[in-house]
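Visitor: In our numbering, the protein residues as written are 996 to 1645.
Just so you know, even glycine gets a beta-carbon here, dropped at the ideal spot from N, CA and C.
Structure follows, in structure tokens:
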């Protein structure tokens, strides 16, 4: 067993003692001596002995005195040595593993409960004790359902996961969060799983339940879910939640024939409060409006804040007529609201646009757009009004088309779908045949590649404040994009139209000066055409701009002159280089003596002021001949030349 030969074993007590491990020897002799002294019937030792190869083996040593003298002293002892090294090492390994498991289970954050095959508690770690409110000592041997009580969000009992796993003989996982009712009534959201425990032979001897406290995560998740669908300022559902509800309403209308009404509400004079009293006041007002809408809405309706001062209401199972009645109640209540901030009272109003949610297949986003357009129509009709989106012939639909055109204009600018055209302005004065002048005109290419006349997009551009962007695009393209070609045609001057909105831009002149310098063109070859109406409506801004432009060497021409009632009076306030006589008079000069007299007067006064006169809309040879005979300096119209792409005229 130890590798010694017979003659190496030794026959003395000293020989035996020498082979026992020094740490074990005192304990061994103490037990042997007790037996030898008659204090124990035998002795059983576990100790280490050195083998012949120098290794240490664990020995189970059993011995007994079998012969004693008259005084009771042992004379002869017999016993056995059994090598138990493998058993000891296995026991040590099992102990280490068990200790490691014990420390792990006591230190981890997850709660662990073990049960026997009858689902009675056999073990609880500290986390399980803390979460259930039961100590391991108190819970030991109890049925698990007494210690581990689960309910769902509505308070109904949830099946015991251990019983489920033992019944199925396989691991069991709860797919959703459940609530653990602690012994003291405390509630915790948990996630848990249970698995059966088997012996080496496959016999199930119990189960292990592992669960985690996810209350904080659940609370955070619920808060995030709420914030994702609700407005943080007013607590109302936000646009995301409203669009989802509107989508469901559309499906109900299509599937079940139910009819609903969508209301889009925009506050009137909110900007006065927000800008005048500050954003804190604006926020307080929005909260008051939200509370007002909550109180007035029916229980089945949905009120939401879409953003800014815009609110939406989904009136479920409601006709359009009833929707108008409800909307007017909203408007009346908002008008009666007296909002006070810093001892100053503010009166606001609301405009509401309505559209029907029917089963006609109209998409949710289209319905929102319709209600928005109807609301805009209500605002333009005088505010504190209700407007119904009523199809192609309605004012709301006309505004919708303008909005679509305005959106197309933005796309056209970004996609480069504007094109520069030009129309010749012929000089009728003797000896001026060599000079050429053209007016830059603009065309927009639609999505199908067709050219759109200015009348198709200019009104929408003016309404939605896009003319400034368009004017800048024209200036940059004409001076920068065509700069080289213009420099190669020194006899050609160009006229560029500027809108009233552009004249209000304080950065227009710095931009224009920079583009003109970059083009390398003589400023005298550049004329800016401004309508008489634009000058009248923006007199101060127009005066400043005209002074800067003329000081730089460019010319300024008043377009559509004569259309205003006080045209001549305004000529005294600032000098210009040219007058384009309104085409409404020119078209009739061959048949109307009154129009002819007006044109003659404008021409005479223009010459007296030292300006060049231009006849617009000269459409035929007879009119052209009469314009020449009247002494008008220049003519423009189909009789002179039709608009053509600018490239073809350079």
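For residue 1373 versus residue 1346, is the C-beta spacing smaller than 8 Å?
Guide: Mapped onto the chain shown, residue 1373 falls at position 378. Mapped onto the chain shown, residue 1346 falls at position 351. Yes; because the gap between Cβ atoms is below 8 Å, this pair is in contact.
Visitor: Quick check for students: name the residue ranges of the beta strand (DSSP E) that lie wholly in the segment 1500–1565, counting only runs of 3 or more.
Guide: 1521–1526 and 1550–1556
Visitor: Report yes if the C-beta distance between residue 1550 and residue 1573 is below 8 Å; otherwise report no.
Guide: Numbered from its first residue, the chain shown carries residue 1550 at position 555. Numbered from its first residue, the chain shown carries residue 1573 at position 578. Yes; because the gap between Cβ atoms is below 8 Å, this pair is in contact.
Visitor: From what residue to what residue does the alpha helix (DSSP H) around residue 1007 run?
Guide: Within the chain shown, numbered from 1, the residue matching residue 1007 stands at position 12. Segment: none, residue 1007 is in no alpha helix (DSSP H) and carries neither H nor E.
Visitor: Out of 1328, 1311, 1631 and 1288, state which residue places its alpha-carbon closest to the alpha-carbon of residue 1300.
Guide: For the purposes of this step, residue 1300 is taken as residue 305 along the chain shown, with counting starting at 1. Considering only alpha carbons, the answer is 1288.
Visitor: Mind checking residue 1148: buried by the 16 CB within 10 Å criterion, or exposed?
Guide: Locating residue 1148 in the chain shown gives position 153, where the first residue counts as 1. Classified as exposed, residue 1148 has fewer than 16 neighbouring CB atoms from the shown chains inside 10 Å of its CB.
Visitor: Output the distance between the C-alpha atoms of residue 1057 and residue 1037, rounded to the nearest integer angstrom.
Guide: Here residue 1057 refers to the residue found at position 62 of the chain shown. Here residue 1037 refers to the residue found at position 42 of the chain shown. Answer to the nearest angstrom: the Cα atoms are 8 Å apart.
Visitor: What are the start and end residues of the beta strand (DSSP E) that includes residue 1051?
Guide: Numbered from 1 along the chain shown, position 56 holds the residue referred to as residue 1051. Looking at the DSSP string, the run of the beta strand (DSSP E) that includes residue 1051 is 1051–1063.
Visitor: Suppose the cutoff is 7 Å on Cβ atoms and the five residues either side in sequence are ignored; what does the same chain contact list for residue 1506 look like?
Guide: As a position in the chain shown, residue 1506 is number 511, starting the count at 1. If we look at residue 1506 and ignore the five residues flanking it on each side, its Cβ neighbours are 1467.
Visitor: If you draw a straight line from the alpha carbon of residue 1418 to that of residue 1586, how long is it in whole angstroms?
Guide: Position 423 of the chain shown, counting from 1, holds the residue named residue 1418. Position 591 of the chain shown, counting from 1, holds the residue named residue 1586. Near 26 Å, if we compare the C-alpha coordinates of residue 1586 and residue 1418.
Visitor: Look at the Cβ atom of residue 1349, then the Cβ atom of residue 1315, and state whether they are nearer than 8 Å.
Guide: In the chain shown, counting from the first residue as 1, residue 1349 sits at position 354. In the chain shown, counting from the first residue as 1, residue 1315 sits at position 320. Yes.
Visitor: Could I get the ranges of all uninterrupted beta strand (DSSP E) runs contained in the segment 1022–1054, with 3 residues as the minimum, in chain order?
Guide: Counting whole runs of 3 or more residues, the segment 1022–1054 contains the beta strand (DSSP E) stretches 1038–1045.
Visitor: Looking at C-alpha atoms only, which residue of 1151, 1181, 1189 and 1180 is the closest neighbour of residue 1168?
Guide: Position 173 of the chain shown holds residue 1168. Among 1151, 1181, 1189 and 1180, the Cα nearest to that of residue 1168 is on 1189.
Visitor: What is the C-beta distance between residue 1510 and residue 1545, in whole angstroms, given that I count them as a contact (C-beta under 8 Å)?
Guide: As a working note, residue 1510 is residue 515 in the chain shown. As a working note, residue 1545 is residue 550 in the chain shown. Incorrect: roughly 17 Å between the Cβ atoms, too far for contact.
Visitor: So, helix, strand or coil for residue 1112, using DSSP?
Guide: Working through the chain shown from its first residue, we reach residue 1112 at position 117. Residue 1112 falls in the coil class under three-state DSSP.
Visitor: When you compare the CB positions of residue 1309 and residue 1241, do they come within less than 8 Å of one another, or not?
Guide: For the purposes of this step, residue 1309 is identified with residue 314 of the chain shown, where counting begins at 1. For the purposes of this step, residue 1241 is identified with residue 246 of the chain shown, where counting begins at 1. Contact: yes.
Visitor: Report yes if the C-beta distance between residue 1352 and residue 1231 is below 8 Å; otherwise report no.
Guide: In the chain shown, the residue the question calls residue 1352 occupies position 357. In the chain shown, the residue the question calls residue 1231 occupies position 236. For the 8 Å CB-CB criterion, residue 1352 and residue 1231 do not form a contact.
Visitor: Classify residue 1387 as helix, strand or coil using the three-state DSSP reduction.
Guide: Taking the chain shown and counting its residues from 1, one reaches residue 1387 at position 392. In this prediction, residue 1387 scores a pLDDT of 44, lower than 50, which makes its location untrustworthy; the coordinate-derived value is nonetheless stated afterwards. Under the three-state reduction of DSSP output, residue 1387 falls in the coil class, being neither helix nor strand.
Visitor: Roughly how many angstroms lie between the CA atoms of residue 1547 and residue 1503, to the nearest whole one?
Guide: Translated into positions along the chain shown, residue 1547 becomes position 552. Translated into positions along the chain shown, residue 1503 becomes position 508. C-alpha separation (whole angstroms): 14 Å.
Visitor: So what's residue 1468 in DSSP terms, helix, strand or just coil?
Guide: Residue mapping note: residue 1468 aligns to position 473 of the chain shown, counting from 1. Correct three-state label for residue 1468: helix.
Visitor: DSSP three-state call for residue 1376: helix, strand or coil?
Guide: As a first step, residue 1376 must be located in the chain shown, where it is residue number 381. Coil, per DSSP.
Visitor: Could you tell me which residues DSSP pairs with residue 1453 in its beta bridges?
Guide: For the purposes of this step, residue 1453 is taken as the residue at position 458 of the chain shown. In the DSSP output, where bridge partners are listed per residue, residue 1453 has none listed.
Visitor: In this structure, what does DSSP give as the bridge partners for residue 1640?
Guide: In the chain shown, counting from the first residue as 1, residue 1640 sits at position 645. Per DSSP, 1416.
Visitor: Could you pull out every residue in the same chain whose Cβ sits closer than 6 Å to the Cβ of residue 1367, ignoring the five residues on either side in sequence?
Guide: Within the chain shown, numbered from 1, the residue matching residue 1367 stands at position 372. Here the set comprises 1259.
Visitor: Roughly how many whole angstroms lie between the Cα atoms of residue 1017 and residue 1096?
Guide: For this step, residue 1017 is matched to residue 22 along the chain shown. For this step, residue 1096 is matched to residue 101 along the chain shown. Near 33 Å, if we compare the C-alpha coordinates of residue 1096 and residue 1017.
Visitor: With a threshold of 16 other CB atoms inside 10 Å of the CB of residue 1626, please say whether the residue is buried or exposed.
Guide: Numbered from 1 along the chain shown, position 631 holds the residue referred to as residue 1626. Residue 1626 should be labelled exposed.
Visitor: Measuring alpha carbon to alpha carbon, tell me which residue in 1542, 1082, 1094 and 1136 is nearest residue 1108.
Guide: Along the chain shown, read from residue 1 onward, the residue named residue 1108 stands at position 113. A check of alpha carbon separations from residue 1108 across 1542, 1082, 1094 and 1136 identifies 1136 as the nearest.
Visitor: I'd like to check one pair, residue 1618 with residue 1584: are the Cβ atoms closer than 8 Å?
Guide: Translated into positions along the chain shown, residue 1584 becomes position 589. Translated into positions along the chain shown, residue 1618 becomes position 623. Yes. Within cutoff.
Visitor: Given a threshold of 16 other Cβ atoms within 10 Å of its Cβ, counted over all protein chains shown, does residue 1371 qualify as buried or as exposed?
Guide: Locating residue 1371 in the chain shown gives position 376, counting from the first residue. Looking at its Cβ environment, which holds 16 or more other Cβ atoms inside 10 Å, residue 1371 is buried.
Visitor: Classify residue 1083 as helix, strand or coil using the three-state DSSP reduction.
Guide: Walking along the chain shown from the start, residue 1083 turns up at place 88. Helix.
Visitor: Specify, as a first and last residue, the run of the alpha helix (DSSP H) that residue 1155 falls within.
Guide: Walking along the chain shown from the start, residue 1155 turns up at place 160. Neither: residue 1155 is in no alpha helix (DSSP H) and is coded neither H nor E.
Visitor: Throw me the rounded Cβ distance for the residue 1405 and residue 1302 pair, which I believe falls under 8 Å.
Guide: Sequence index remark: in the chain shown, residue 1405 carries index 410 (1-based). Sequence index remark: in the chain shown, residue 1302 carries index 307 (1-based). Between residue 1302 and residue 1405 the Cβ distance is about 20 Å, and since that is not below 8 Å, they are no contact.
Visitor: With DSSP run on the structure shown, which of helix, strand or coil describes residue 1439?
Guide: The count along the chain shown starts at 1 and reaches residue 1439 at position 444. DSSP places residue 1439 in strand when its eight states are reduced to three.
Visitor: To the nearest angstrom, how far is the alpha carbon of residue 1388 from that of residue 1628?
Guide: Here the question's residue 1388 lines up with position 393 in the chain shown. Here the question's residue 1628 lines up with position 633 in the chain shown. Its pLDDT being 41, under 50, residue 1388 is placed unreliably by the model, and nothing is read from it.
Visitor: Note down the Cα distance separating residue 1553 from residue 1537, rounded to an integer number of angstroms.
Guide: Counting from one through the chain shown, the residue named residue 1553 turns up at place 558. Counting from one through the chain shown, the residue named residue 1537 turns up at place 542. Computed Cα separation, rounded: 11 Å.
Visitor: Got a sec, what are the start and stop residues for the beta strand (DSSP E) residue 1352 sits in?
Guide: In the chain shown, residue 1352 corresponds to position 357, counting from 1. Taken as a continuous stretch (DSSP letters only), the beta strand (DSSP E) holding residue 1352 covers 1344–1352.
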